[in-house]
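This report concerns only the one structure given below.
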Amino acid sequence: MNEQRPRLLCVDDDTAVLDGLALTLRRSFDVTIADSAAEALRRLDAQDYPIVMSDMRMPQMSGAELLAEVRKRHPDSVRLLLTGYADMEAAASAVNEGQVFRFLIKPCTPPVLLRALQDAVTQYRLITAERELLERTLRGTVQALAEVLSLADAVAYGHAISVQKLALALARQLGLIPIWPLELAALLAPLGRVSLPPEIHHKEQRGDPLTTSERAALAKVAEVTQGLLAPIPRLEPVRSVLFAATRSVVDDTLQGPDERHWQRCGRVLRLATDYVDRESRGDSVGIALAEMRARHVDQPELLAALEKLKGAEADHVEIRSLPVRLLQAGMVLCDDLYTQAGQRLVPRGFTVNAGLVERIRNLRAGSLREPVRVSLLRAPASTSTAP
Numbered sequence: 000m001n002e003q004r005p006r007l008l009c010v011d012d013d014t015a016v017l018d019g020l021a022l023t024l025r026r027s028f029d030v031t032i033a034d035s036a037a038e039a040l041r042r043l044d045a046q047d048y049p050i051v052m053s054d055m056r057m058p059q060m061s062g063a064e065l066l067a068e069v070r071k072r073h074p075d076s077v078r079l080l081l082t083g084y085a086d087m088e089a090a091a092s093a094v095n096e097g098q099v100f101r102f103l104i105k106p107c108t109p110p111v112l113l114r115a116l117q118d119a120v121t122q123y124r125l126i127t128a129e130r131e132l133l134e135r136t137l138r139g140t141v142q143a144l145a146e147v148l149s150l151a152d153a154v155a156y157g158h159a160i161s162v163q164k165l166a167l168a169l170a171r172q173l174g175l176i177p178i179w180p181l182e183l184a185a186l187l188a189p190l191g192r193v194s195l196p197p198e199i200h201h202k203e204q205r206g207d208p209l210t211t212s213e214r215a216a217l218a219k220v221a222e223v224t225q226g227l228l229a230p231i232p233r234l235e236p237v238r239s240v241l242f243a244a245t246r247s248v249v250d251d252t253l254q255g256p257d258e259r260h261w262q263r264c265g266r267v268l269r270l271a272t273d274y275v276d277r278e279s280r281g282d283s284v285g286i287a288l289a290e291m292r293a294r295h296v297d298q299p300e301l302l303a304a305l306e307k308l309k310g311a312e313a314d315h316v317e318i319r320s321l322p323v324r325l326l327q328a329g330m331v332l333c334d335d336l337y338t339q340a341g342q343r344l345v346p347r348g349f350t351v352n353a354g355l356v357e358r359i360r361n362l363r364a365g366s367l368r369e370p371v372r373v374s375l376l377r378a379p380a381s382t383s384t385a386p
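Numbering follows my numbering, in which position 141 of the sequence shown is assigned residue number 140; successive positions increment by one, without gaps.
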């Protein structure tokens, strides 16, 4: 939100009133006007507005009905209602039902109107500050949980980190906002693996074939993850992304913009997971993309973003061979990391974290096979010019 002039959407079917509001408020607010509820909703779908103010009496959809719809689609927007004395009962009902922050009785003097709108700005900042605090708290909690998972199941953690990095890069390229549920969903996706017996982990590490019952247990990991997350408050968006990622077909019946957004994030997560799976099997970028084009024919936009991203990424990655003592958080292993006895400590594709660095530090010198190849982003070339 612009700190100097917060965005304000004014809605009224009387264009003269709208022009007057814009003239009165333009010094303090970045004002956008809409002369119908339909136009207001179109503008809201195109851009977020911290504050929405509507007249009560309008054709097709009343101000109270419009603001109720705004509440469903854009719950962070603070809503105000302008009303006459004849509509007092309906306006009070709208306030009591939580559809509006405040209603103002017409005619409303500029000082009263400005004060109400300034209060709305304060309310918006409180709402967004609380949400941002919640997101940071959830992100920190999930990261700590993922660090623990990295010690118990390094393969799953390394896979999750690779998926997360790719999914977030795709989401940013596609302009998806917000993406914090996608960020957390990618890390939490393998959480259900805690229910797997140790023998399955051992077989996966050795590359041994799984029995029918073991494959069935693996197939239930997503369901177990949902069950573990269900009791945790405020994780509904994360669970929605995880659920959408397990669906092979897009659900066209979803109505709300949030539901559609989480479904799109889920499609991104599904695509990123598929690519990382193929990369882990040793597929080249070209082979992986060719097979995915055949499998994800209904997601041309996502595939185009992935192809663009992986092509650019290949031009900026540097491969180095290092002794294990020089491994640093953020490096990505290009080889499996083995002990001298032949036990795999972490798989290739694993993103080095503080836990692994500490674990290596605690091992006896020379107990790991080295050097190990890692990938890291190549430093940009210097562009300084001669004076």
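Idealized CB from N, CA, C, for every residue including glycine.
- With fewer than 16 other Cβ atoms inside 10 Å of its own Cβ, residue 171 counts as exposed.
- For residue 102, the uninterrupted beta strand (DSSP E) segment begins and ends at 101 to 104.
- When the beta-carbon positions are compared, residue 155 and residue 189 come within less than 8 angstroms of each other.
- If one requires a minimum length of 3 residues, the beta strand (DSSP E) runs lying completely within the stretch 17 to 76 are 29 to 33 and 50 to 54, in chain order.
- Boundaries for residue 234: no beta strand (DSSP E) harbours it, and the DSSP string shows neither H nor E there.
- A direct Cα-to-Cα measurement between residue 98 and residue 248 gives close to 35 angstroms.
- Judged by pairs of C-beta atoms under 8 angstroms, the stretch 183 to 200 does not touch the stretch 290 to 299, as fewer than three such pairs exist.
- Taking 8 angstroms as the cut-off, the beta carbon of residue 75 is found closer than this to the beta carbon of residue 127.
- In the three-state DSSP reduction, residue 195 falls in the coil class, being neither helix nor strand.
- For residue 41 and residue 225, the gap between their C-alpha atoms comes out near 35 angstroms.
- Taking residue 302 as the centre and dropping the five residues before and after it, the same chain places the C-beta of 270, 288, 291, 292 and 295 closer than 8 angstroms to its C-beta, in chain order.
- Look at the beta carbons and you see the stretch 6 to 18 touching the stretch 31 to 38: at least three pairs across the two are nearer than 8 angstroms.
- Setting aside the 5 residues that flank it on each side, residue 330 is surrounded in the same chain by 351, 373 and 375, each with a C-beta closer than 7 angstroms to its C-beta; the list follows chain order.
- For residue 264, the three-state secondary structure derived from DSSP is helix.
- In this structure, the beta-carbon distance from residue 104 to residue 79 does not fall below 8 angstroms.
- For residue 8, the uninterrupted beta strand (DSSP E) run begins and ends at 6 to 10, by DSSP.
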